Amino acid sequence: MASIVEQCEVAPPSCATDKLTLPLSCFDMVWLYNQLVLRILFYKLPIDKNSFIQKVIPTLKHSLSLTLKHYLPLAGNFVCPLNSSDHPELRYVKGDSVCVAFSETDMDFDYLVSNDHPRNAKDIYHFVPHLTEPKNVLGVQFAPVLAIQPYGLKGLLWDKMKKHKSTADHVILTPPDNIVRGTFIITRNEIEKLKNLISSRRPSLTHVTSYTVTCGYVWACLIKSEDNTDIIIDDNVMEYFSCTVDYRARFDPPLPLSYFGNCVVWYIVKTRHVDLVGNEGFIIAAESIGETIHKRNKDKEYVLSGEWLEEDDGGEDRRFKPLSVAGSPKFDLYATDFGWGN
Numbered sequence: 136m137a138s139i140v141e142q143c144e145v146a147p148p149s150c151a152t153d154k155l156t157l158p159l160s161c162f163d164m165v166w167l168y169n170q171l172v173l174r175i176l177f178y179k180l181p182i183d184k185n186s187f188i189q190k191v192i193p194t195l196k197h198s199l200s201l202t203l204k205h206y207l208p209l210a211g212n213f214v215c216p217l218n219s220s221d222h223p224e225l226r227y228v229k230g231d232s233v234c235v236a237f238s239e240t241d242m243d244f245d246y247l248v249s250n251d252h253p254r255n256a257k258d259i260y261h262f263v264p265h266l267t268e269p270k271n272v273l274g275v276q277f278a279p280v281l282a283i284q285p286y287g288l289k290g291l292l293w294d295k296m297k298k299h300k301s302t303a304d305h306v307i308l309t310p311p312d313n314i315v316r317g318t319f320i321i322t323r324n325e326i327e328k329l330k331n332l333i334s335s336r337r338p339s340l341t342h343v344t345s346y347t348v349t350c351g352y353v354w355a356c357l358i359k360s361e362d363n364t365d366i367i368i369d370d371n372v373m374e375y376f377s378c379t380v381d382y383r384a385r386f387d388p389p390l391p392l393s394y395f396g397n398c399v400v401w402y403i404v405k406t407r408h409v410d411l412v413g414n415e416g417f418i419i420a421a422e423s424i425g426e427t428i429h430k431r432n433k434d435k436e437y438v439l440s441g442e443w444l445e446e447d448d449g450g451e452d453r454r455f456k457p458l459s460v461a462g463s464p465k466f467d468l469y470a471t472d473f474g475w476g477n
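Numbering-wise (the numbering used here), the sequence shown opens with residue 136 and increments by one.
Okay, here's the thing in structure tokens:
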């Protein structure tokens, strides 16, 4: 269990602007009704509790305050009009702040970070910060902010989202407590073997990468594992895979390197269940993922036309529960050192 050492509100410095409103773009709004990605970074800092309270906590709070000056929307709220044609926005007003909790636990650090064994997911939830509940004020819902920023197609998307009755309710979700979390490592040598296998079976494929073969392998294994349960799945049922794509450099002209904001779209891949559980399940999975990525990357109008937004709900398929891949090695999270060095 984790116990709170200190809980406080951290605000931007007093010199920050009094008010800032940032309308959401379509690249922001698409994530509002998707489940949140909750990221926890573990870092081993060999100091005692008193040093942590007296030295580390004040430094972290001061650093966060200075950082919020440059990213004010993170200190504000997500504002969602419930009964009007207005679009949602991020809104900061002077006095807004971020809730920060410093906790301690007697859990074994090595148990939490080890790749040697699966762990009960409930053991990890103790370290996830909890957002405050959304508040309704005069037909407008205010919810704390996690992700931010701007760009165009939003009328179509907002009209669609308003049809989802529970859109605003899904800003905060309660995670299930019957899940085991494990880490599976695929080595560089194993990835090369998978790529060679694909190339030998499908020599004409144009998009065979470490990403496509790794995702294809995981997807096929997941579907095959489901097939070994008591659940009966019709052979012709469609299975779905979803991957996210950084689109900043794909526009013409590309967005500047200084752009800070969401500019991520998804590609949806679908394949029959019977194909994925067969002897060539991995081959078909990797082929489907690679061909979809190759096709979408060549289609310059795919994103601007909004076509990708129509692929996110599986149409009439009630089994639409895609395996989704989030994050990117480009984020370089393993290099995060919080100023203390690796």
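Using N, Cα and C, we set each Cβ at its ideal position, and we do this for glycine too. None of these values were measured; they are calculated from a predicted model.
**Message:** Please report the distance separating the alpha-carbon of Pro-216 from that of Lys-433.
**Reply:** 37 Å
**Prompt:** From which residue to which residue does the alpha helix (DSSP H) around Tyr-260 run?
**Reply:** 257 to 260
**Message:** Just to confirm, is the Cβ distance from His-261 to Thr-240 under 8 Å?
**Reply:** yes
**C-beta contact flag for Lys-330 and Val-348 at 8 Å** = yes
**Message:** Does the stretch 397 to 414 come into contact with the stretch 376 to 386, if we say contact requires no fewer than three beta-carbon pairs (one atom in each stretch) closer than 8 Å?
**Reply:** yes
**Message:** Taking 7 Å as the limit between beta carbons, can you name the residues of its chain near Glu-224, skipping five residues before and five after?
**Reply:** Closer than 7 Å at Cβ, skipping near neighbours: Thr-156, Leu-157, Pro-158, Leu-159, Val-214.
**Rounded straight-line distance, which links the Cα of Phe-466 to that of Thr-152** = 29 Å
**Prompt:** Can we say the stretch 245 to 256 touches the stretch 324 to 338, given the rule of at least three CB pairs closer than 8 Å?
**Reply:** no
**Asked** What does DSSP give as the partner residues of Gly-189 in its beta bridges?
**Response** It is Gln, not Gly, that sits at residue 189 in the sequence shown. DSSP, once it has assigned bridges, lists no residue as partnering Gln-189.
**Asked** Helix or strand or just coil, what does DSSP make of Ile-323?
**Response** The displayed chain sequence assigns Arg, not Ile, to residue 323. In this structure, Arg-323 counts as helix in the three-state DSSP scheme.
**Request:** If I'm right that Ile-192 touches Glu-141 with Cβ under 8 Å, what's the distance once you round it to whole angstroms?
**Result:** Confirmed, Cβ separation roughly 6 Å.
**Asked** If you check the beta carbons only, do Ile-428 and Gly-351 fall under 8 Å apart?
**Response** no
**Item:** When Val-172, Leu-173, Gly-230 are compared against Pro-147, the one with the closest alpha-carbon
**Value:** Distance from the Cα of Pro-147 is smallest, within the candidate group Val-172, Leu-173, Gly-230, for Gly-230.
**Item:** Check whether Leu-195 and Val-233 have beta carbons under 8 Å apart
**Value:** no
**Start-end ranges of the alpha helix (DSSP H) lying completely within the stretch 328 to 401, minimum 4 residues** = Correct list: 345 to 362.
**Request:** Go ahead and pull the three-state DSSP assignment for Ala-236.
**Result:** strand
**Message:** Per the DSSP calculation, Ile-139 is bridged to which residue(s)?
**Reply:** Ser-238
**Item:** Three-state secondary structure assigned by DSSP to Ile-403
**Value:** It is a strand residue.
**Request:** Within the same chain, show all residues whose beta-carbon is closer than 7 Å to that of Phe-244, passing over the 5 residues directly before and after it, in chain order.
**Result:** Only Lys-179 meet the Cβ criterion.
**Prompt:** For Asp-370, does the count of other Cβ atoms within 10 angstroms reach 16, so buried, or fall short, so exposed?
**Reply:** Under this definition Asp-370 is an exposed residue.
**Request:** Using the Cα positions of Ser-377 and Pro-457, report the straight-line distance between them to the nearest angstrom.
**Result:** 6 Å
**Message:** Just to confirm the assignment, what range does the alpha helix (DSSP H) spanning Ser-459 have?
**Reply:** Run containing Ser-459: none in the alpha helix (DSSP H); it sits in the beta strand (DSSP E), 458 to 460.
**Request:** Could you check if Met-164 is buried or exposed, using at least 16 other CB atoms within 10 Å of its CB as the buried criterion?
**Result:** buried
**Request:** Reducing DSSP to helix, strand and coil, say where Thr-202 ends up.
**Result:** helix
**Item:** Sequence-distant residues of the same chain with beta carbon closer than 6 Å to Ile-314, five excluded per side
**Value:** Counting only residues of its own chain and dropping the five nearest sequence neighbours on each side, Ile-314 has a CB closer than 6 Å to the CB of Ala-256.
**Prompt:** Of the choices Phe-177, Ser-360, Leu-207, whose alpha-carbon is the least far from that of Asp-472?
**Reply:** Phe-177
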